[in-house]
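Participant:
There are 2 protein chains.
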Amino acid sequence: MKDIKTHSIGGNAGRNRTHNRRVVLDYVRANEPTGRAEISKSCGLSFQAVSNIIEALQNEGLLVAVGHKTGERGQPAAQYKFNPESAFSVGIELRPDALICATLNLKGDCIYRERLAISDTSPAKAIPEICDMVDRAIVKIKRSREQLLGVGVVMPGPFGASEMSDLEAAIVPDWDDVDVQKVFEEALKCPVIAENDATAAAISERVAGVASAIDTYCFVYFGAGLGLGVMTNGHAQRGAFGNFGEIGHVITQVGGNECSCGNYGCLETYASRISARKFLAVRGIDVSSGAEMATLLEQNNPDFIEWIDIAAKHLSQAIGILENIFDPETIVFGGAMPDAVIDALIERLELPQGSVANRKHRTIKRVLRGSSGHFTAAIGGASLIIHQTTTPSIAVYS
Amino acid sequence: MKDIKTHSIGGNAGRNRTHNRRVVLDYVRANEPTGRAEISKSCGLSFQAVSNIIEALQNEGLLVAVGHKTGERGQPAAQYKFNPESAFSVGIELRPDALICATLNLKGDCIYRERLAISDTSPAKAIPEICDMVDRAIVKIKRSREQLLGVGVVMPGPFGASEMSDLEAAIVPDWDDVDVQKVFEEALKCPVIAENDATAAAISERVAGVASAIDTYCFVYFGAGLGLGVMTNGHAQRGAFGNFGEIGHVITQVGGNECSCGNYGCLETYASRISARKFLAVRGIDVSSGAEMATLLEQNNPDFIEWIDIAAKHLSQAIGILENIFDPETIVFGGAMPDAVIDALIERLELPQGSVANRKHRTIKRVLRGSSGHFTAAIGGASLIIHQTTTPSIAVYS
DNA sequence: ATATTTATTCAAGTTATTTGAATTAAGTAT
DNA sequence: ATACTTAATTCAAATAACTTGAATAAATAT
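If you're matching them up, the sequences are chains Y and P in order. Per the numbering used here: the first sequence = residues 2 to 399. Per the numbering used here: the second sequence = residues 2 to 399.
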């Protein structure tokens, strides 16, 4: 198991500059188009400091000037925004049966994707395939490798299952004791971030999704099982050992369905793709793909509706837990599940009354559907890189 | 309701120095006695930078030299440690029936405490009383006001209940719409931090308790209800609106006991001081104080043991939730409950097998008892201040 | 037209860092 | 004992990035 313990290091002029660049980029990301004086006031930096940073970002092509803001007194402020085509990132999702690649521009728009079915996902086989995929993506979008900010590699957690008491069989075989980041940085010769699918998906909603202006939220990820990604003040939570967010094994019914983890009544046995398949298999219906689920829903299939009702009941409980524990601005549902099914689940939720989230003057709905569809995990991988380049690391509480 | 949304600001030389001082102090706190070269390596700063900071900290009296480290090659490294008496902080707990004051030295040792029973906790009455208490504390410990780092004010959450749908009656009346920090900074003329009891208690375990070397952990706080404080990478979680950690209203038994929040089966109705009182009242036993609970436990009172068993069962579920969601290094139990009762609860837990925390090679127990006893909240308040002075704000993930 | 406001530019000035050379002092090998 | 190695420490200079202050530019308001 990899201990991802973090620790704080000292700052110096260079690290400070990196941080300030990110502060500026993050502000522009959330408020574009915007001007230097405005950034200066919001970010607690002198006009001159901001001016220098903007100039550098412009020279690098990350920002572009877009005219001047008129209608107010004083000299019109030059406005800047992201130059979406100035840089890009690649996300790779490693699944037991396939590799998925998504390429995002700096604004987080998906500009290329590819799915490659493979049977052997062992590192020896998958790594060369992934390197080829990344190369293909760069060729397809007609960019140079210098514009590649990095690659985000996503695979299902929890990591380090081999050290655990059979909580979960390693979902992608042979990757358990691999230092994913290191291996890929060597193979791809560019910055790499490795992350689990739920957290990556959560970040993607902030980079270019429903949470772009939200700093604190939970993301419930429908994968094979059920995952959770949490953002607090714009920072993703990772846990002490990288296994943050195993919400699938939270028990929502004592003595309920038997779970692969050995317990009974885990949420994941009621609300996940696998749970739907099992539930319907007993009734003689075989669903293996998301498309089939969408069809059943369209047909108002009573068995599937029954599953949705049960899943929604258990998810409602999970929402109560998340809201009361995290006090988030909102909860986002997303992942490898058709939008229509997620909408149906959200529609049938019975949101708990006794929750700190049950405020009178809410501005955002308590539960939203994510925007990145079922490519979420790969897009999330690419989002990790973009998020890092625009996420500052000095937090000041006011 | 107060929105405590935070945002990152840019850095400059001064802020950088503040940060680096904290990095150094935090390292010394966790590793004392230690030397400059060692700090330099661990904190990613040049020897000279560390040297300058150490010199300043020494001049201010926060650190003291304690001889040289011998036994290794090279010039013996001068060792430094905290000077516990160089500074102090005061914590105030505001309860419905009393004010509690605790004073800590820089190492987090409690050097003075006072409990004052009051009936009127309205701001108009309580604020002058608290100012007097702080003054008395400074006189008692024979220090000057310049050495006061600040005051931490603690009251039960959730805050902003008036805006909520009766989740919880405001526990300390009339404080709901008060900007606690501002009001006390004006009254006390020193830095003030306001926090809920559970989070403050969690921080106290890091400042001088069982979690001094632990960066990521959960603290389950037994107050009137049940609270949760969470530390991730040395930073306390606060939620989007300051109501993080309302674990008491997580449902552990669907359709169970009726709760004041309107729901049924909330954890708090099984495992809290109030739940014990209610449980025993039905059986004709009246317990209003912690001491009485301790006595019942000592006498092996079968009704009380029954309550403990039930509480432990529900707490075990909560532990499963916390471990799977947060992936902490450990979970700490503490608060306004006698140590013996907490120990009895811990003893009777049935820790879930299906948890990411159920690792083979654990070094820390899954559940620990906190060390600060039933003055926890006030000590926690004082700890907030100490924590802030030693907690850096640039996090680097390695 | 003139005053006011705000953004911007240019040119120092400041702070806290890093770098490099020289010094000190202990342990280790001969 | 003596010389060598290792590591901490000190001193002085160089550097990077930010802030400050004065001057200028271009709008709106009176």
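We put the CB at the ideal spot given by N, CA and C, even for glycine.
Is any beta-carbon of chain P found at less than 8 angstroms from that of Y:ALA50?
Facilitator: It does: the Cβ of Y:ALA50 has a partner Cβ on chain P nearer than 8 angstroms.
Participant: Does Y:ASN325 come within less than 8 angstroms of chain P when only Cβ atoms are used?
Facilitator: yes
Participant: Note down, in chain order, each residue of its chain lying with its Cβ closer than 8 angstroms to the Cβ of Y:ASP328, except the 5 sequence neighbours on either side.
Facilitator: Residues THR217, VAL357, ALA358 of the same chain have their beta carbon placed closer than 8 angstroms to that of Y:ASP328, with the five preceding and five following residues left out of the count.
Participant: Can you tell me whether DSSP reads P:HIS362 as helix, strand or coil?
Facilitator: coil
Participant: Just list the residues that DSSP pairs P:HIS69 with in beta bridges.
Facilitator: In the DSSP output, where bridge partners are listed per residue, P:HIS69 has P:ALA79.
Participant: Counting along the chain, where does the beta strand (DSSP E) carrying P:CYS219 start and finish?
Facilitator: 218-223
Participant: Could you tell me if P:MET2 is buried or exposed, where buried requires 16 or more neighbouring beta carbons within 10 angstroms of its beta carbon?
Facilitator: Because the pLDDT at P:MET2 is just 42, under 50, the model does not fix this residue reliably, and the value given afterwards should be weighed accordingly. Buried, since its Cβ has 16 or more Cβ neighbours within 10 Å.
Participant: Should the stretch 73-80 of chain Y be regarded as contacting the stretch 34-41 of chain Y, the criterion being three or more beta carbon pairs within less than 8 angstroms?
Facilitator: Taking a cut-off of 8 angstroms for Cβ pairs, the stretch 73-80 of chain Y and the stretch 34-41 of chain Y touch, as three or more such pairs fall below it.
Participant: Taking just the CA atoms, how far does Y:ILE387 sit from Y:PRO157?
Facilitator: 20 angstroms
Participant: Does the CB of P:ASN244 have a neighbour CB from chain Y at under 8 angstroms?
Facilitator: yes
Participant: Which term fits P:ALA1, buried or exposed, when burial requires 16 or more other beta carbons within 10 angstroms of its beta carbon?
Facilitator: For chain P, the structure presents residues 2 to 399; residue 1 of chain P sits outside this window and is missing.
Participant: Go ahead and pull the three-state DSSP assignment for Y:ARG74.
Facilitator: coil
Participant: Quick one: what does DSSP say P:PHE280 is sitting in, helix, strand or coil?
Facilitator: It is helical.
Participant: When we look at the beta-carbon of Y:VAL231 and count the other beta-carbons within 10 Å, is it buried (16 or more) or exposed?
Facilitator: buried
Participant: Here's the rule: buried if 16 or more other CB atoms are within 10 angstroms of the residue's CB, otherwise exposed. What is Y:PHE89?
Facilitator: It is buried - the Cβ of Y:PHE89 has at least 16 other Cβ atoms within 10 Å.
Participant: Identify the contact partners of Y:CYS267 in chain P, using a Cβ-Cβ distance below 8 angstroms as the criterion.
Facilitator: GLY355
Participant: Sorted by chain position, which residues of the same chain lie with C-beta nearer than 8 angstroms to Y:GLY153's C-beta, five sequence neighbours on each side aside?
Facilitator: SER90, VAL91, GLY92, ILE93, VAL193, ILE194, ALA195, GLU196, ALA201, GLY381, GLY382, ALA383, SER384, LEU385, ILE386
Participant: Which chain P residues sit within Cβ distance under 9 angstroms of Y:GLY321?
Facilitator: By Cβ distance, chain P contributes HIS250, VAL251, ILE252, ASN264.
Participant: CA-CA distance, P:VAL288 and Y:GLU307?
Facilitator: 47 angstroms
Participant: Indicate whether at least one CB of chain P lies closer than 8 angstroms to the CB of Y:LEU369.
Facilitator: Under the Cβ distance rule, Y:LEU369 does not count among the residues neighbouring chain P, no pair being separated by less than 8 angstroms.
Participant: Chain Y beta carbons: is any one of them nearer than 8 angstroms to that of P:GLN318?
Facilitator: yes
Participant: Within this structure, are the beta carbons of P:LEU268 and P:PHE305 separated by less than 8 angstroms?
Facilitator: no
Participant: Check this for me: beta carbons of P:GLY335 and P:ILE343, under 8 angstroms apart or not?
Facilitator: yes
Participant: So Y:PHE220 and Y:GLY371 are supposed to be a Cβ contact under 8 angstroms. How far apart are they, rounded?
Facilitator: 7 angstroms
Participant: Restricting to Cα atoms, I'd like to know which of P:ARG16, P:THR122, P:GLU86 is closest to P:CYS111.
Facilitator: P:GLU86
Participant: How many angstroms separate the CA atom of P:ARG274 from the CA atom of P:VAL251?
Facilitator: 17 angstroms
Participant: Short check: CB of Y:VAL135 to CB of Y:LEU100, under 8 angstroms?
Facilitator: no
Participant: In whole angstroms, give me the CA-to-CA distance for Y:LEU168 and Y:LEU227.
Facilitator: Low per-residue confidence applies at Y:LEU168: pLDDT is 43, beneath 50, and the placement is therefore not dependable enough to give any value.
Participant: To the nearest angstrom, how far is the alpha carbon of Y:PHE185 from that of Y:ARG114?
Facilitator: 19 angstroms
Participant: Going along chain Y in order, which residues have a C-beta closer than 7 angstroms to the C-beta of P:ILE365?
Facilitator: In chain order: nothing, as chain Y lies at least about 10 angstroms away.
Participant: Span of the beta strand (DSSP E) holding P:VAL29?
Facilitator: Note, P:VAL29: premise wrong, no beta strand (DSSP E); alpha helix (DSSP H) at 14-32.
Participant: In terms of residue numbering, what span does the beta strand (DSSP E) encompassing Y:ASN301 cover?
Facilitator: Y:ASN301 -> no beta strand (DSSP E), and no H or E assigned at all.
Participant: Mind listing the chain Y neighbours of P:ASP180? Cutoff is C-beta to C-beta under 9 angstroms, in chain order.
Facilitator: Those do not exist, as P:ASP180 stays about 12 angstroms from chain Y at its closest Cβ, beyond 9 angstroms.
Participant: Just to confirm the assignment, what range does the beta strand (DSSP E) spanning P:SER90 have?
Facilitator: 89-95
Participant: From Y:THR390, Y:ALA237, Y:ALA312, pick the residue whose C-alpha is nearest to that of Y:LEU349; which is it?
Facilitator: The question names Leu, but residue 349 of chain Y is Arg in the sequence shown. Ranking Y:THR390, Y:ALA237, Y:ALA312 by Cα distance to Y:ARG349 puts Y:ALA312 first.
Participant: Quick check on DSSP: helix, strand or coil for P:ARG370?
Facilitator: strand
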